Amino acid sequence: MIKRLLSYLLPIKIHQKKSVYSKNLEVTWNNGYLVLDSENTNYSFGSLQRVLKKGLKYIGYERIQNFESILVLGVAGGSVIETLKKEVKFEGKITGVEIDAAVVELATKYFGLGKHDNVSIVIDDAFEFVLKTKEKYDLIIIDIFQDTTMPNFLFEDFFINRINFLLNVNGFILFNTMVLDYQDRRRNAIYKSKFDNNYSVRLYPKIEVHNELFTIKKLA
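Letter by letter, the sequence shown follows residues 1 to 220 in UniProt numbering.
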């Protein structure tokens, strides 16, 4: 409790470790909240949670409540799962995929990742998982970063087509991207152009300065 109160004055680091995929992972009290950060960006329960919460609001909490299954690619500390369970009041099935076992370990220890019913966490590469899964989903959340870098496969046709195949009609993709320069803006413009009239695509720029969100609805 003392550390939490002091964190309103300055951040207080309580755990730090390295992993195969992250140079540095830190659990920190910041303004009264526990957050998970990588070396250069927030991974969970800080600005990232605010970004994805806005995306869920764009889709609509009531609409999401009526979904049956959600896929989260990139779990990190589990903040979007927390939002789905506590704020959206989603009671359907959530499958979370996270490549970094060290992140899942921290999320379980410090952020209660394992406390929710109807949530399963898979330690796997997102690309490999979407190739293997036989499930279909009403909402697919893509939030995959290695620090400030986004893997190239997220923007490649094969992955995009596979995600579209896994999405139910009237379902949504919520895709969080980071835009730091002109090349990133161009990359996002090209990504947007890859969806035909069977999809309704909206882009929300400058969420928390460097984030751009896509919401993509499958119409047919």
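The beta carbon of each residue, even a glycine, is placed where N, CA and C say it ideally should be.
If you're wondering where the values come from, they're calculated on a predicted model, not measured in any experiment.
Exercise. How should Ile163 be labelled, buried or exposed, when 16 other C-beta atoms within 10 angstroms of its C-beta is the threshold for buried?
Worked result: buried
Problem set entry | Any beta strand (DSSP E) of 3 or more consecutive residues that is wholly inside the region 81-169 | 93-98, 119-123, 137-142
Exercise. Does any CB atom of chain D fall closer than 9 Å to the CB of Gly74?
Worked result: The structure shown has no chain D; it contains just one protein chain.
For this session: Starting from Leu34, follow the beta strand (DSSP E) in both directions and report where the run begins and ends.
Result: 33-37
For this session: Count the other CB atoms, across all protein chains shown, that sit within 10 Å of the CB of Ala107; report buried if there are 16 or more and exposed otherwise.
Result: buried
Problem set entry | Run of the beta strand (DSSP E) containing Asn30, from where it starts to where it stops | 25-30
Problem set entry | Supposed contact pair Ile144 and Phe172 - C-beta distance, whole angstroms, cut 8 Å | Not a contact, Cβ separation roughly 17 Å.
For this session: State yes or no: is the C-beta of Asp138 within less than 9 Å of the C-beta of Asn170?
Result: yes
Problem set entry | Close Cβ partners of Leu166 (< 8 Å) along its chain, the five nearest in sequence each way excluded | Leu71, Val130, Thr133, Glu135, Lys136, Tyr137, Ile140
Exercise. Excluding the five sequence neighbours on either side, which residues of its own chain have a C-beta within less than 7 Å of the C-beta of Ile121, listed in chain order?
Worked result: Val75, Gly96, Glu98, Val104, Leu113
Exercise. In this structure, what does DSSP give as the bridge partners for Met178?
Worked result: Asn211
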